[in-house]
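All remarks here apply to the structure that follows.
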Amino acid sequence: MNLKSHFQFSKQQRSGIFLLLLIILFVQGFYHLVLPKLLDTDHDFASNDANVSALIKQIDSLKAIQLEKRKLKIYPFNPNFITDYKGYTLGLSNQEIDRLLAFRKQDKWINSIKQFQEVTMVSDSVLDKISPYFKFPDWVTNPNPKQTNFKTGYSKTVKTEAQKLDLNSATAIQLQKVYGVGPSYSERIIKFRNKINGFHSFIELQQVYGLTPEVIQNIKADFTIKTPRAITKIALNTATKEQLVTIKYIDYEIAHNIIEERTLRDGFKSIDELTKVNGFPVNKLEIIKLSLRLD
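Here my numbering is used: the first residue of the sequence shown is 462, the next is one more, and so on.
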């Protein structure tokens, strides 16, 4: 066999080999000459260092502004009126809030920062954070047998229970003499009083739209409830679902959950245990308690 004829390539095969060599040369050139330049971005990046730094500072500045906006803003407040939610936002534990609420249910008042810590057993770090915002009434910071009427600027003697007017017969004019109660609020109070056929407890004033705890306290300084509305209380541990739903703020779902919880507990030992019921309106407990008895 002729070796020359054996290794002889056709024209098409030679063209293919030539093309393959060109591709190899192109890849080699790209790898050694072009690619290193593409990867070398230090020079270009350095030329933009000033712009990049300025952009990063601007982003950090915007982040700082947003974080500042999200911070809890604390305004002066009376620590006697801390609710569950407010206590949580202030950093108090559930136990500390419960101690405060239990103290207030005895109709006792916090009159100093020291007493607040003694009652709640709050830590020094949390107390240092929130105590600068405590705002006690004037009669606490300036104790004397007289109170200053901030509406007129004159002082008046603190009234005894006998001297106070009956809230259930008070006129709009009489109510408007209370600091914080204007024509609008006096009208709402009387309208709500008529709707419920008279007040049974001052706690019901919380249902009058717009009245703050401080204004309610001012009303209590001038008024008392001498003719409370009669209430037929329902026995919590034997009440049916139909009886429970007659109480304001309790619907059929809550009534069902109350009965389930009552069964699990083999009866409630305290009305306050209702706060453990799924879906129970905890912030309305004191009002709901007016319609319940434990036996």
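Ideal Cβ placement from N, Cα and C applies to all residues, glycine included. Since the structure is predicted, the reported quantities are computational estimates derived from the model, not experimental observations.
In this structure F479 is exposed. Its beta-carbon is surrounded by fewer than 16 other beta-carbon atoms within 10 angstroms. Taking the Cα positions, I686 is about 30 Å away from G548. In the assembly as shown, N658 is an exposed residue. Its beta-carbon has fewer than 16 other beta-carbons within 10 Å. In this structure, the alpha-carbon of K709 lies about 19 Å from that of I651. Excluding the 5 residues flanking it on each side, N718 has same chain C-beta neighbours closer than 8 Å at V738, N739, G740, F741, in chain order. L751 places its beta carbon less than 9 Å from that of K694.
Residue burial is scored here from C-beta neighbours: V619 has fewer than 16 other C-beta atoms within 10 angstroms and is therefore classed as exposed. By alpha-carbon distance to T688, the top candidate from L628, L725, S731, I732 is L628. Inclusion of G728 and N698 in the CB contact set at 9 Å is warranted, their separation being smaller than that value.
Inside the region 699-735, DSSP marks whole alpha helix (DSSP H) runs of 4 or more residues at positions 702-705, 713-726, from first to last along the chain. When C-beta atoms of the region 631-647 are compared with those of the region 661-679, three or more pairs fall below 8 Å, so the two segments count as touching. With 16 or more other Cβ atoms from the protein chains shown falling within 10 Å of its own Cβ, D683 counts as buried. Exposure of L483 is indicated by the presence of fewer than 16 other C-beta atoms within 10 angstroms of its C-beta. Separation of F653 and V642 (C-alpha to C-alpha, rounded to the nearest whole angstrom) is 15 Å. The C-alpha of N744 is placed about 20 Å away from the C-alpha of I720. Around the beta carbon of P537, a 10 Å sphere encloses fewer than 16 other beta carbons of the protein chains shown; the residue is thus reported as exposed. For I574, the closest alpha carbon among the candidates R754, S554, E665, K596 is that of K596. Under the three-state reduction of DSSP, R754 is assigned to strand. Of the other Cβ atoms in all chains shown, 16 or more fall within 10 Å of the Cβ of T581; this residue is therefore buried. The beta carbons of D756 and A691 sit about 19 Å from each other, so the pair does not count as a contact at 8 Å.
For P644, the enclosing alpha helix (DSSP H) begins and ends at 644-656.
Taking C-beta atoms under 8 Å as the contact rule, I748 and I634 fail to qualify, at a distance of about 28 Å. For the pair Q578 and E722, the Cα-to-Cα distance works out to about 34 Å.
In the three-state scheme derived from DSSP, where H, G and I count as helix and E and B as strand, T544 is classed as coil. A distance below 6 Å between beta-carbons, with the five flanking residues on each side excluded, links E557 to the following residues of its chain, in chain order: T581, V583.
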